[in-house]
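Colleague: Residue numbers (our numbering), protein chains in the order written: chain A, 8 to 243; chain B, 14 to 286.
Even glycine gets a Cβ: it sits at the ideal position worked out from N, Cα and C.
Treat the numbers as computed from the prediction; the structure is a model and nothing was measured.
Can you read through this structure? Questions will come right after.
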Amino acid sequence: MDSFKESFIIAFNLILMGDSQLIEIVALSMKVSLIATLCASIIGILLGVALSILRFYGRTPLIILINGLMGLPPVVVGLLLYMLLSKNGPLNCLNILYSPSAMILAQFVIILPVVASLSQEILSGYFEEYKDQLRVLGRKNQSIAITLIWEGRFRLFTAVVAGLGRAVGEVGAVMIVGGNINHVTRVMTTSIALETSRGDLNLALALGIILVSVSIIINGALFYLRRLSEALDGDT
Amino acid sequence: MVKYALMILSIIPFGVTSDSNQFITLQSTTSTENSGLYDFLLPAFTAESGIKVRVVAVGTGQALRNARNGDGDILITHAREAEERFVRSGFGLNRRDLMFNDFVIVGPPEALGDKSKNRNPVDFFRNIAEKERIFVSRGDDSGTHKKELELWTRADVDVVAASGRWYRETGTGMGATLNIAIGMGAFTLTDRGTWISFKNKSDFEIIVEGADILHNQYGVVVATPKNQEPSKRQNAIIFCNWLLSEAGRAQINSFAINGEQLFYANGDGSACE
Chain A
8 MDSFKESFII AFNLILMGDS QLIEIVALSM KVSLIATLCA SIIGILLGVA
58 LSILRFYGRT PLIILINGLM GLPPVVVGLL LYMLLSKNGP LNCLNILYSP
108 SAMILAQFVI ILPVVASLSQ EILSGYFEEY KDQLRVLGRK NQSIAITLIW
158 EGRFRLFTAV VAGLGRAVGE VGAVMIVGGN INHVTRVMTT SIALETSRGD
208 LNLALALGII LVSVSIIING ALFYLRRLSE ALDGDT
Chain B
14 MVKYALMILS IIPFGVTSDS NQFITLQSTT STENSGLYDF LLPAFTAESG
64 IKVRVVAVGT GQALRNARNG DGDILITHAR EAEERFVRSG FGLNRRDLMF
114 NDFVIVGPPE ALGDKSKNRN PVDFFRNIAE KERIFVSRGD DSGTHKKELE
164 LWTRADVDVV AASGRWYRET GTGMGATLNI AIGMGAFTLT DRGTWISFKN
214 KSDFEIIVEG ADILHNQYGV VVATPKNQEP SKRQNAIIFC NWLLSEAGRA
264 QINSFAINGE QLFYANGDGS ACE
């Protein structure tokens, strides 16, 4: 029990003192995960809407594949990207191994199926509901897509938040492609892994507490943002 | 849509760019990083040379493999034979002795009793096997793992047959393995640097130390991947020579935790190149 108390005290002190190393690590975590989530959200939602509207050969297997990829182990993603981005790999021209860009790419790959799959699920529901009306109106696919995304925008939030959550908490892939380099690619999760391996369990847990707090704050902000826009929406 | 997708993806490389190209990548064993040695050494080197060193800390086996793939400019590892094989295969310049400390066997204090710590580690390992006491192995092809296997071979114990019973392979780094050993009240082999700097020792103690066979030699090798930028090669050589110089040696020798020196520089005076 004392151990837990100590971790909370350490976490509290780190935050209060505005530890510069901690700020650097939290900032990089956020930067990497937010960029990855932004990219994955845009492409994932587009993929989701396409899969809910279009009917083509192989659609169902594709949906099953994307659903399955939600469980993609981050370590496998890390390993694959390492092999691709390595000096010996086919994508070495990008020259991003052991850089934050590689970590963004890894998180993007991990959360894209999450966002795409959840979006498809959400938007298919709307499509089933409205498809007859939309077809009667003679709307083109593109305009149907825009309508669906607009109608589903609040629920799509959930898909994006789920993706962000997975990105922020991920460690296996960013450890391999980022290398956990001090001041360059060290993020919250890799710091926690490092402190655990240094046997500094209290500091590791303190960092975990901070990571969870940051995650709760972001989710809270998104929640109220959604509330606010829903309220504004109701007014009009 | 593909066009837009590509446009969005192109944000990724621009998301974060590195400020300076004046850096080299060091593929290193974990013990040196976990003990804090690099936080102590590198600022001094960077101040002197203007070259930044980025440390990727993995086990010795993986460090060598990463460097074979061209993803490192210099190596600090502790498995002499593997390092020499790496150089012979044309992946690196000369291998040089850098520094040493020693391996120790740690375990629950009652195992020590009133016995001396200067026991023969091979006999001790044979004893563990006979009594089927739980032993936690790195199992990850690291330098420490290689040393441990050497001890088992000398003790004439077949650990493959015992794996999953009293012999537990974690396949993880030294720190994680120590956490597991302490959690299970088991024995494990660790380098002294990691042990001294390790904070979750609980009541564990060094049970065996001091034998010649427990010598832990670290080596440094400048990697020579095919499509490496020439400036990186140059900078890696500068770093390597600095490590082996008087200044570097003094810096290594003055690194201590709680007054205890962790590494002893022992280059033979020759430079990297």
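Can you name the residues of chain A whose CB is closer than 8 Å to the CB of F53 of chain B?
Modeller: Start at 1 with the first residue of the second sequence, and residue 53 of chain B comes out as number 40. Within chain A, no residue comes near F53 of chain B; the closest Cβ sits about 12 Å away, beyond 8 Å.
Colleague: What are the residues of the segment 200-222 of chain A that lie near chain B, defined by any Cβ-Cβ distance shorter than 7 Å?
Modeller: Per Cβ criterion, the list reads T203, S204, R205, G206, D207 and L208.
Colleague: Take R262 of chain B as the anchor and find which of B:T38, B:F58, B:F138 and B:S48 has the nearest alpha-carbon.
Modeller: Mapped onto the second sequence, residue 262 of chain B falls at position 249. Minimum Cα distance to R262 of chain B is reached at B:F58.
Colleague: In chain order, what are the residue ranges of uninterrupted alpha helix (DSSP H) at least 4 long that sit wholly in the segment 99-178 of chain B?
Modeller: Runs found: 134-144, 156-168 and 172-175.
Colleague: How about the segment 32-50 of chain B and the segment 73-91 of chain B: do they share at least three Cβ pairs that are nearer than 8 Å?
Modeller: Output reads yes: the segment 73-91 of chain B touches the segment 32-50 of chain B.
Colleague: F164 of chain A and R234 of chain A - do their beta-carbons sit closer together than 8 Å?
Modeller: Counted from its first residue, the first sequence places residue 234 of chain A at position 227. Counted from its first residue, the first sequence places residue 164 of chain A at position 157. No, Cβ-Cβ distance for R234 of chain A and F164 of chain A is not below 8 Å.
Colleague: Of all the residues that make up the segment 72-86 of chain B, which are near chain A by a beta-carbon distance shorter than 7 Å?
Modeller: Going along the segment 72-86 of chain B in chain order, one finds N82, G83 and D84 with a Cβ nearer than 7 Å to chain A.
Colleague: Let me know the secondary structure DSSP gives A40 of chain B once reduced to three states.
Modeller: By 1-based counting over the second sequence, the position of residue 40 of chain B is 27. This sequence places Gln at residue 40 of chain B; Ala is not what is there. Correct three-state label for Q40 of chain B: strand.
Colleague: Strictly below 7 Å CB to CB, what residues from chain A border G188 of chain B?
Modeller: Within the second sequence, the letter at position 175 stands for residue 188 of chain B. Result: T203, S204, R205 and G206.
Colleague: Under three-state DSSP, which class holds T237 of chain B?
Modeller: As a working mapping, residue 237 of chain B is identified with position 224 in the second sequence. DSSP places T237 of chain B in coil when its eight states are reduced to three.
Colleague: Tell me the residue span of the beta strand (DSSP E) that contains E182 of chain B.
Modeller: The sequence position of residue 182 of chain B within the second sequence is 169, counting from 1. Unbroken beta strand (DSSP E) run through E182 of chain B: Y180 to E182.
Colleague: Report the three-state DSSP secondary structure of Q35 of chain B (helix, strand or coil).
Modeller: As a working mapping, residue 35 of chain B is identified with position 22 in the second sequence. Looking at Q35 of chain B - three-state DSSP - the assignment turns out to be coil, as it is neither helix nor strand.
Colleague: When the Cα atoms are used, what is the spatial distance from L125 of chain A to V69 of chain B?
Modeller: For this step, residue 125 of chain A is matched to residue 118 along the first sequence. For this step, residue 69 of chain B is matched to residue 56 along the second sequence. For L125 of chain A and V69 of chain B, the distance between alpha carbons rounds to 36 Å.
Colleague: Less than 8 Å between CB atoms is the rule here; does R67 of chain B satisfy it with respect to chain A?
Modeller: For the purposes of this step, residue 67 of chain B is taken as residue 54 along the second sequence, with counting starting at 1. For R67 of chain B, the answer is yes, since a Cβ of chain A falls inside 8 Å of its Cβ.
Colleague: Within the same chain, show all residues whose beta-carbon is closer than 7 Å to that of C253 of chain B, passing over the 5 residues directly before and after it, in chain order.
Modeller: Numbered from 1 along the second sequence, position 240 holds the residue referred to as residue 253 of chain B. Here the set comprises I87, V233, V235 and C285.
Colleague: Do you know how far the Cα of Q127 of chain A is from the Cα of I151 of chain A?
Modeller: Looking up residue 151 of chain A in the first sequence gives position 144. Looking up residue 127 of chain A in the first sequence gives position 120. The straight-line gap from Cα to Cα measures roughly 14 Å.
Colleague: Have a look at K26 of chain A and I226 of chain B and give me their C-alpha separation to the nearest angstrom.
Modeller: Residue 26 of chain A sits at position 19 when you count from the first residue of the first sequence. Residue 226 of chain B sits at position 213 when you count from the first residue of the second sequence. Residue identity differs from the one stated: residue 26 of chain A is Asp in this sequence, not Lys. Cα to Cα, D26 of chain A sits roughly 43 Å from I226 of chain B.
Colleague: Is any beta-carbon of chain B found at less than 8 Å from that of K94 of chain A?
Modeller: Locating residue 94 of chain A in the first sequence gives position 87, counting from the first residue. Yes, because at least one Cβ of chain B sits closer than 8 Å to the Cβ of K94 of chain A.
Colleague: When the Cβ atoms of the segment 266-281 of chain B are set against those of the segment 236-253 of chain B, are three or more pairs found closer than 8 Å?
Modeller: Judged by Cβ distances under 8 Å, the segment 266-281 of chain B makes no contact with the segment 236-253 of chain B, as fewer than three pairs qualify.
Colleague: Compute the Euclidean distance between the alpha carbons of F63 of chain A and Y137 of chain A, then round it to the nearest angstrom.
Modeller: Here residue 63 of chain A corresponds to residue number 56 of the first sequence, with the count starting at 1. Here residue 137 of chain A corresponds to residue number 130 of the first sequence, with the count starting at 1. Looking at the two C-alpha atoms, the distance is approximately 20 Å.
Colleague: On the criterion of 16 or more Cβ atoms from any shown chain inside 10 Å, does S36 of chain A qualify as buried, or is it exposed?
Modeller: Your numbering for residue 36 of chain A matches position 29 in the first sequence. When all chains shown are included, S36 of chain A counts as buried.
Colleague: Kindly say whether S176 of chain B, judged by its beta-carbon, lies nearer than 8 Å to any beta-carbon of chain A.
Modeller: Within the second sequence, numbered from 1, the residue matching residue 176 of chain B stands at position 163. Not closer than 8 Å to any Cβ of chain A, the Cβ of S176 of chain B fails to qualify, so no.
Colleague: If the cut is a Cβ gap below 9 Å, which residues of chain B does L98 of chain A touch?
Modeller: The residue given as residue 98 of chain A occupies position 91 in the first sequence. Simply none; closest approach about 11 Å.
Colleague: Which partner residues does T201 of chain B have in the DSSP bridge list?
Modeller: Taking the second sequence and counting its residues from 1, one reaches residue 201 of chain B at position 188. Answer is B:V119 and B:V149.
Colleague: By the criterion of Cβ-Cβ separation under 7 Å, what are the contact partners of L104 of chain A in chain B?
Modeller: By one-based count along the first sequence, residue 104 of chain A stands at place 97. The contacting residues are D84.
Colleague: Return no unless some Cβ of chain B is closer than 8 Å to the Cβ of I186 of chain A.
Modeller: If you number the first sequence from 1, residue 186 of chain A lands on position 179. First, the amino acid is wrong: residue 186 of chain A is Gly here, not Ile. Chain B, which has a Cβ nearer than 8 Å to the Cβ of G186 of chain A, makes this yes.
Colleague: CB L119 of chain A to CB I103 of chain A, shorter than 8 Å?
Modeller: By one-based count along the first sequence, residue 119 of chain A stands at place 112. By one-based count along the first sequence, residue 103 of chain A stands at place 96. In this structure, I103 of chain A does not lie closer than 8 Å to L119 of chain A by Cβ.
Colleague: Please classify C100 of chain A: is it buried, with 16 or more other beta-carbons within 10 angstroms of its beta-carbon, or exposed?
Modeller: Counted from its first residue, the first sequence places residue 100 of chain A at position 93. With fewer than 16 other Cβ atoms within 10 Å, it is exposed.
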